[in-house]
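Visitor: Residue numbers (full-length UniProt numbering): 1 to 694.
All residues carry an ideal CB built from backbone N, CA and C; glycine is no exception.
All values reported here derive from a predicted model rather than from experimental measurement.
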Ligand SMILES: Nc1ncnc2c1ncn2[C@@H]1O[C@H](COP(=O)(O)OP(=O)(O)OP(=O)(O)O)[C@@H](O)[C@H]1O
């Protein structure tokens, strides 16, 4: 209660918030003294490198024992304190500076569920806000030493904090109340009105708008060995062949069984071999011929099953066949292919894949994303660009600056398409496809990939695709990868940290991603783990891009085998050897759960996912969790079953499609006379499948 009392002296408003959440706050924070969350000293400002080197804890730092609580005005003073792990445990200090606490409260008070317009509906739409983030970071710097608290950058006002925090909390639920669909498109105004940094649907680049982002990502290594570095497929790779594949839509071309059947050019075949690919995965067997045939495609396949190559290879093959010449230095580039993805790290990864497969050709892929210097993006583009890999905010910025022309776009790829079309990014995507110079859908090929595809999104996606698009489903739409052994443990908020430590100690040095619900908590938990001498780093949307990339490098290299992450790292990231995922907090939606646990068990390798289920907050997930577990042939705890069955409105007789669209929604929504029924529901099994579709 001391915490609450202190806070009440500061602000009644805050106090009210505290009163509601005191228990939770105490559970997380009362016995932790950390370095002024949400920020913590950067290495440069706090000389953390010493601590980093000596502890091997990456870029996580702990305040020394005896430091007082953090308040924003401390910013200028902290650099002299140094940075080292405390010697004692976590129990001694409960002294929270008011602002610090108010931020904690903002975090914990953010509702788990929120509808349209609640803020929740922005999900982790990190990209749209990239420059807004950057600007606020920049402003905070003015008040302190360069590179000081990142925590300052988001501002301390609870409302702003909440907004940032909510963005990171995974997919919103607002979508279900209708999103892109409005004919007037005024959702954009609704969606963006909350922030003053969005004009005409395009994020201001930062020019004349406060301090600019100066980060220039280092160029990736360009020696052949680095370009083609890959990890081994796992023991279950061949089991992919037993998964049922369903293709719906008119006249789908037959699947191919081998790379040779794709008739790719020699250079591409060489690159495929150097990448260590000898056998197609199911999504590749079906998607490659469909894309080669010039068809639009929506494809849904489990995490880690090779969706990236499934679209890159046929696009590259087309481009090679078309005899695309190297684009020359020009003020404005007109790429033939645009690929968009929701997070910076993911788009960078896709770019690296594109670079790998395009190696030795004159096709030039380029990547641009937020959190980096705009001029750097412009420079990259101007040097020539055939395939533009971009996050939405930066892409729209470059289009508006006339650095990217859309006239020649033949291929538009939405990776993590359900995320790209939901409330967070949907308006930008709609803007992109309705841009005057963007070829209409019948003049371009539009391709969408994800492991999850809620029905509402499928319907929205239809607007972007030609009517006769094909829909490929490998396994169950929204199904978890069966190579991930899933366990659900009942753990309440107060016991989570202790349980996490137990798990991590038993895991040893195996690479583990720990997902939490908020950016703030990511910092808390990462610091807590460092304090416990577990080398940990963190990634979330409040970290500077440089720090995010450094965190990923440290995690990939094994320097920090534990990565605490928000949903920003839930989708797409393909990191070798991630053996465990821990959902310290369960996400708010089942789809997000599927993506998170899919960071392990990739490409036929096996992995484990442990999730803490808190009865107070996670009961709404019991039913969909039960379905995901049973579909993936996982053990379902009896208690989970009981909760699921006792949940109000629980109804296990509902068809799966109402939660997991196991059918093409065109069938559901267009009725018998819509899409030719003869063209729908062709089911295929790649081999020996003895299961049937439900
Ligand atoms: N045919 C193949 N043979 C060997 N390795 C492959 C093959 N296809 C893909 N891979 C590798 O499998 C890993 C996972 O692929 P990828 O990242 O494309 O999966 P994904 O389906 O997009 O996953 P997510 O849903 O998480 O985004 C990558 O390391 C990729 O290089």
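Is it buried or exposed for residue 265, if we count other Cβ within 10 angstroms and need 16 for buried?
Guide: Translated into positions along the chain shown, residue 265 becomes position 265. Exposed is the call here.
Visitor: Say the cut is 8 Å; is the CB of residue 599 nearer than that to a heavy atom of ligand 1?
Guide: The count along the chain shown starts at 1 and reaches residue 599 at position 599. Indeed, a heavy atom of ligand 1 lies less than 8 Å from the Cβ.
Visitor: Tell me, please, which residues DSSP counts as bridged to residue 583.
Guide: For the purposes of this step, residue 583 is identified with residue 583 of the chain shown, where counting begins at 1. Looking at the DSSP assignment, residue 583 forms a beta bridge with 515, 611.
Visitor: By Cβ distance below 6 Å, which residues in the same chain neighbour residue 609 in space, the five residues on each side in sequence not counted?
Guide: Here residue 609 is taken as the residue at index 609 of the chain shown, counted from 1. Only 484, 486, 581, 597 meet the Cβ criterion.
Visitor: State buried or exposed for residue 246, treating a residue as buried only when at least 16 other CB atoms are found within 10 Å of its CB.
Guide: As a working note, residue 246 is residue 246 in the chain shown. Classification of residue 246: buried, given that the 10 Å Cβ count is 16 or more.
Visitor: Could you check how far apart the C-beta atoms of residue 575 and residue 556 are, in whole angstroms? I think they sit under 8 Å.
Guide: Mapped onto the chain shown, residue 575 falls at position 575. Mapped onto the chain shown, residue 556 falls at position 556. With 8 Å as the limit, residue 575 and residue 556 qualify as a contact, their Cβ atoms being about 6 Å apart.
Visitor: Hey, how far is the Cα of residue 352 from the Cα of residue 521?
Guide: Sequence index remark: in the chain shown, residue 352 carries index 352 (1-based). Sequence index remark: in the chain shown, residue 521 carries index 521 (1-based). Between residue 352 and residue 521, the C-alpha separation is close to 31 Å.
Visitor: What residues are listed by DSSP as bridge partners for residue 538?
Guide: Counting from one through the chain shown, the residue named residue 538 turns up at place 538. Bridge partners of residue 538: 564.
Visitor: Pick out whichever of 536, 488, 212 has its Cα sitting closest to the Cα of residue 585.
Guide: Within the chain shown, the letter at position 585 stands for residue 585. Looking at the Cα atoms, 488 is the closest of the given residues.
Visitor: From residue 515 to residue 612, what does the alpha carbon distance come to, in whole angstroms?
Guide: Taking the chain shown and counting its residues from 1, one reaches residue 515 at position 515. Taking the chain shown and counting its residues from 1, one reaches residue 612 at position 612. Each residue's Cα considered, the two are about 10 Å apart.
Visitor: Suppose you measure from the CA of residue 399 to the CA of residue 405; what does that come to, to the nearest Å?
Guide: Position 399 of the chain shown holds residue 399. Position 405 of the chain shown holds residue 405. Approximately 6 Å between the Cα atoms of the pair.
Visitor: Check whether the Cβ atoms of residue 384 and residue 631 sit closer than 9 Å, and answer yes or no.
Guide: Along the chain shown, read from residue 1 onward, the residue named residue 384 stands at position 384. Along the chain shown, read from residue 1 onward, the residue named residue 631 stands at position 631. Not a contact, by the Cβ cut-off of 9 Å.
Visitor: List the endpoints of the continuous alpha helix (DSSP H) containing residue 324.
Guide: Numbered from its first residue, the chain shown carries residue 324 at position 324. Premise fails: residue 324 is in no alpha helix (DSSP H) and is neither H nor E.
Visitor: Between which two residues does the beta strand (DSSP E) harbouring residue 365 extend?
Guide: Taking the chain shown and counting its residues from 1, the one referred to as residue 365 is at position 365. Segment 365-368, the beta strand (DSSP E) holding residue 365.
Visitor: Taking its Cβ as the centre, do 16 or more other Cβ atoms sit within 10 Å of residue 235, making it buried, or is it exposed?
Guide: Against the chain shown, residue 235 aligns to sequence position 235. The residue in question, residue 235, is exposed, as its Cβ has fewer than 16 Cβ neighbours within 10 Å.
Visitor: Tell me residue 446's beta-bridge partners as DSSP assigns them.
Guide: Residue numbering aside, residue 446 sits at position 446 when the chain shown is read from its first letter. 412.
Visitor: Roughly how many angstroms lie between the CA atoms of residue 290 and residue 252, to the nearest whole one?
Guide: On the chain shown, residue 290 is found 290 positions in, with the first residue counted as 1. On the chain shown, residue 252 is found 252 positions in, with the first residue counted as 1. Spanning the two alpha carbons is a distance of roughly 7 Å.
Visitor: Verify whether the separation of the beta carbon atoms of residue 270 and residue 360 is less than 9 Å.
Guide: As a working note, residue 270 is residue 270 in the chain shown. As a working note, residue 360 is residue 360 in the chain shown. Cβ atoms of residue 270 and residue 360: closer than 9 Å.
Visitor: Would you mind sorting residue 436 into buried or exposed? The rule is 16 or more other CB atoms within 10 Å of its CB.
Guide: Start at 1 with the first residue of the chain shown, and residue 436 comes out as number 436. By the 10 Å Cβ count, residue 436 comes out exposed.
Visitor: Once DSSP output is grouped into helix, strand and coil, what is the label at residue 680?
Guide: What you label residue 680 is simply residue 680 of the chain shown in a count that begins at 1. Below a pLDDT of 50, predicted positions are generally treated as unreliable, and residue 680, at 28, falls in that range; no measurement from the model is reported.
Visitor: Just tell me which of 244, 339, 500 has its CA closest to the CA of residue 413.
Guide: Start at 1 with the first residue of the chain shown, and residue 413 comes out as number 413. Answer by Cα proximity: 339.
Visitor: Quick check: the Cα distance between residue 169 and residue 591, rounded to an integer number of angstroms?
Guide: Residue numbering aside, residue 169 sits at position 169 when the chain shown is read from its first letter. Residue numbering aside, residue 591 sits at position 591 when the chain shown is read from its first letter. Because residue 169 carries a pLDDT of 39, less than 50, the predicted location of this residue cannot be relied on, and no value is offered for it.
Visitor: Got a sec: does ligand 1 put a non-hydrogen atom nearer than 8 Å to the Cβ of residue 279?
Guide: Along the chain shown, one-based indexing puts residue 279 at 279. Yes, since a heavy atom of ligand 1 falls inside the 8 Å radius drawn around the Cβ of residue 279.
Visitor: Is residue 349 near ligand 1, going by C-beta to nearest heavy atom under 8 Å?
Guide: Numbered from its first residue, the chain shown carries residue 349 at position 349. Checking the Cβ of residue 349 against ligand 1 gives yes.
Visitor: Among 319, 438, 519, which one has its Cα closest to the Cα of residue 363?
Guide: Taking the first residue of the chain shown as position 1, residue 363 is located at position 363. Residue 363 has its Cα closest to that of 319, out of 319, 438, 519.
Visitor: Between residue 193 and residue 460, what straight-line distance do the alpha-carbon atoms span, to the nearest angstrom?
Guide: Residue 193 sits at position 193 when you count from the first residue of the chain shown. Residue 460 sits at position 460 when you count from the first residue of the chain shown. Residue placement at residue 193 cannot be trusted, given a pLDDT of 28 that sits under 50; what the coordinates show is reported in the next sentence. The straight-line gap from Cα to Cα measures roughly 22 Å.
Visitor: What runs of the alpha helix (DSSP H), each 4 residues or longer, lie entirely inside the stretch 264-308?
Guide: List check, alpha helix (DSSP H) in window: 266-274, 282-292.
Visitor: Please determine if the stretch 378-396 and the stretch 447-460 are in contact, where contact requires at least 3 C-beta pairs separated by less than 8 Å.
Guide: Output reads no: the stretch 447-460 does not touch the stretch 378-396.
Visitor: Can you give the Cα-Cα distance for residue 283 and residue 600, rounded to whole angstroms?
Guide: Stepping through the chain shown from its first residue, residue 283 is reached at position 283. Stepping through the chain shown from its first residue, residue 600 is reached at position 600. Residue 283 and residue 600: Cα-Cα distance of roughly 18 Å.
Visitor: Secondary structure at residue 647, three-state DSSP: helix, strand or coil?
Guide: For the purposes of this step, residue 647 is identified with residue 647 of the chain shown, where counting begins at 1. In this structure, residue 647 counts as coil in the three-state DSSP scheme.
Visitor: Mark residue 494 as exposed unless 16 or more other C-beta atoms lie within 10 angstroms of its C-beta, in which case mark it buried.
Guide: By 1-based counting over the chain shown, the position of residue 494 is 494. Classification of residue 494: exposed, given that the 10 Å Cβ count is below 16.
Visitor: Does the distance between the C-beta of residue 622 and the nearest non-hydrogen atom of ligand 1 fall short of 8 Å?
Guide: To locate residue 622, count along the chain shown from 1; it is residue 622. No - ligand 1 has no heavy atom lying nearer than 8 Å to the Cβ of residue 622.
Visitor: Quick one: any contact between the stretch 497-512 and the stretch 617-637, if contact means 3 or more CB pairs under 8 Å?
Guide: With the cut-off at 8 Å, the stretch 497-512 and the stretch 617-637 do not touch.
Visitor: To the nearest angstrom, report how far apart residue 471 and residue 477 are at their CA atoms.
Guide: For the purposes of this step, residue 471 is taken as the residue at position 471 of the chain shown. For the purposes of this step, residue 477 is taken as the residue at position 477 of the chain shown. Cα-Cα distance, rounded: 11 Å.
Visitor: Alpha carbon to alpha carbon, how far is residue 638 from residue 346? Give it in angstroms, no decimals.
Guide: Here the question's residue 346 lines up with position 346 in the chain shown. Here the question's residue 638 lines up with position 638 in the chain shown. Using only the alpha carbons, I get a separation of about 37 Å.
Visitor: Would you decide whether residue 475 is buried or exposed? Buried here means 16 or more other CB atoms lie within 10 Å of its CB.
Guide: What you label residue 475 is simply residue 475 of the chain shown in a count that begins at 1. It is buried - the Cβ of residue 475 has at least 16 other Cβ atoms within 10 Å.
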